[in-house]
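**Student:**
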Amino acid sequence: MAQTRDFFAVLGLLSIWFLVQKGHAFEFKVGGSKGWTLPSDPNAAIYNPWAENNRFQIGDTLLFVYPADQDSVLHVSKDDYSNCKTDSPLDKFTDGHSVYEFKQSGPHYFISGVAEHCHKNEKLVVVVMADRSNHSSNGAAAAPPPEAVSPPSPAPAGESPPSPAPSDDSSPPSPGSEAPSDESSHPKSGARSLVANLVGIVVILVGSSLAFVI
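Numbering (the working numbering), first residue to last: 159 to 372.
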């Protein structure tokens, strides 16, 4: 009995750990409630405006829902996207409930596996942003270089040079001289913090139950 409890406890902790790792990713359903389908107006580009209103990052996924016997999804190059070429895709999905995960930043091109549908604007471009972990290091602005101080002009002949001004040790540091704190450079994710708290609670409950059994 105790071994069974231990097995389920470990299984639960592994499941929570998996959720923590995936907690920062999001799944976007292409086309919303209508799904991946032929636009009612062949002259209207409905999918690219939808993509422009969302922010996609590495680890996020696209969900394509469509009738498997009538349509498909092709992940293609830029040229094949522009020309609606369906014969040499990078990836092909035909199951009617297809999930594509972004593993690199930059533009990603998708078209319908039916060339006629593609020519009628069943096509999509998604631009994936850079990795979240690089935001703080790349987003910090570099401090401006110190201004050059020109030397004082020499005193006229017969006059003694002016005495240097006394230094003021109590002057406040110039703005930008202090390095940003770790807290501001590395923003915390609310989702991660919430899941971390749940992990702690579960660990305490499991530890208590195991101690009771022993």
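Virtual Cβ for every residue (Gly too), placed ideally from N, Cα, C.
To which residues of the same chain is D289 closer than 6 Å at the C-beta, ignoring the five residues directly before and after it?
**Tutor:** As a position in the sequence shown, residue 289 is number 131, starting the count at 1. Here the set comprises I216.
**Student:** Near C276, which residues of its chain fall below 8 Å by C-beta distance, leaving aside the five closest residues on each side in sequence?
**Tutor:** Along the sequence shown, one-based indexing puts residue 276 at 118. Excluding sequence neighbours, C276 sits near C242, T244, I269 and S270.
**Student:** Looking at the structure shown, is D289 part of a helix, part of a strand, or coil, going by DSSP?
**Tutor:** Taking the first residue of the sequence shown as position 1, residue 289 is located at position 131. D289: coil per DSSP, three-state reduction.
**Student:** Considering Cα atoms alone, identify which of L282, W194, K261 and V286 is closest to V223.
**Tutor:** Within the sequence shown, the letter at position 65 stands for residue 223. The candidate whose alpha carbon is nearest that of V223 is W194.
**Student:** Quick check: V234 and P247, are their CB atoms within less than 7 Å of each other?
**Tutor:** Counted from its first residue, the sequence shown places residue 234 at position 76. Counted from its first residue, the sequence shown places residue 247 at position 89. It is a contact, given that the beta carbons lie within the stated cut-off.
**Student:** Using only the alpha-carbon positions, how far apart do F214 and K192 sit?
**Tutor:** Looking up residue 214 in the sequence shown gives position 56. Looking up residue 192 in the sequence shown gives position 34. Their backbone Cα atoms lie some 20 Å apart in a straight line.
**Student:** At the level of alpha carbons, what is the spacing between P200 and K281?
**Tutor:** As a position in the sequence shown, residue 200 is number 42, starting the count at 1. As a position in the sequence shown, residue 281 is number 123, starting the count at 1. Answer to the nearest angstrom: the Cα atoms are 11 Å apart.
**Student:** Confirm, please, whether the CB-CB distance from A209 to V284 is below 7 Å.
**Tutor:** Position 126 of the sequence shown, counted from the first residue, corresponds to residue 284. Position 51 of the sequence shown, counted from the first residue, corresponds to residue 209. Contact flag set, yes.
**Student:** Closest to A183 by CA distance: which of E259, D218, G264 and Q262 is it?
**Tutor:** Here residue 183 refers to the residue found at position 25 of the sequence shown. When only C-alpha atoms are compared, the closest one is D218.
**Student:** So which of D237, Q262, V272 and K187 has the shortest CA-CA distance to D227?
**Tutor:** In the sequence shown, the residue the question calls residue 227 occupies position 69. Among D237, Q262, V272 and K187, the Cα nearest to that of D227 is on V272.
**Student:** Would the beta-carbon of K112 fall within 7 Å of that of L232?
**Tutor:** Within the shown structure, residues of the chain are numbered from 159 to 372, placing residue 112 beyond reach of any answer.
**Student:** Just tell me which of Y267, S230 and N206 has its CA closest to the CA of D237.
**Tutor:** The residue labelled residue 237 in the question sits at position 79 within the sequence shown. Checking every option, the nearest Cα to that of D237 belongs to Y267.
**Student:** Can you tell me where the alpha helix (DSSP H) holding S240 begins and where it ends?
**Tutor:** One-based indexing of the sequence shown puts residue 240 at position 82. Its alpha helix (DSSP H) spans residues K236 to N241.
**Student:** Counting only the same chain and skipping the five closest in sequence on each side, list residues whose C-beta sits under 6 Å from that of K180.
**Tutor:** Walking along the sequence shown from the start, residue 180 turns up at place 22. A caution first: K180 carries a pLDDT of 47, below 50, which makes its placement in the model too unreliable to give a value.
**Student:** Identify the continuous beta strand (DSSP E) that holds P265 and give its terminal residues.
**Tutor:** Taking the sequence shown and counting its residues from 1, one reaches residue 265 at position 107. Run containing P265: G264 to S270, per the beta strand (DSSP E) assignment.
**Student:** Who are the near neighbours of V188 in its chain, counting only those whose CB is closer than 6 Å to its CB and skipping five residues on each side?
**Tutor:** Locating residue 188 in the sequence shown gives position 30, counting from the first residue. Only W194, L220 and F222 meet the Cβ criterion.
**Student:** Along the beta strand (DSSP E) that carries E185, what are the first and last residues, could you check?
**Tutor:** Taking the sequence shown and counting its residues from 1, one reaches residue 185 at position 27. E185 -> beta strand (DSSP E) spans E185 to K187.
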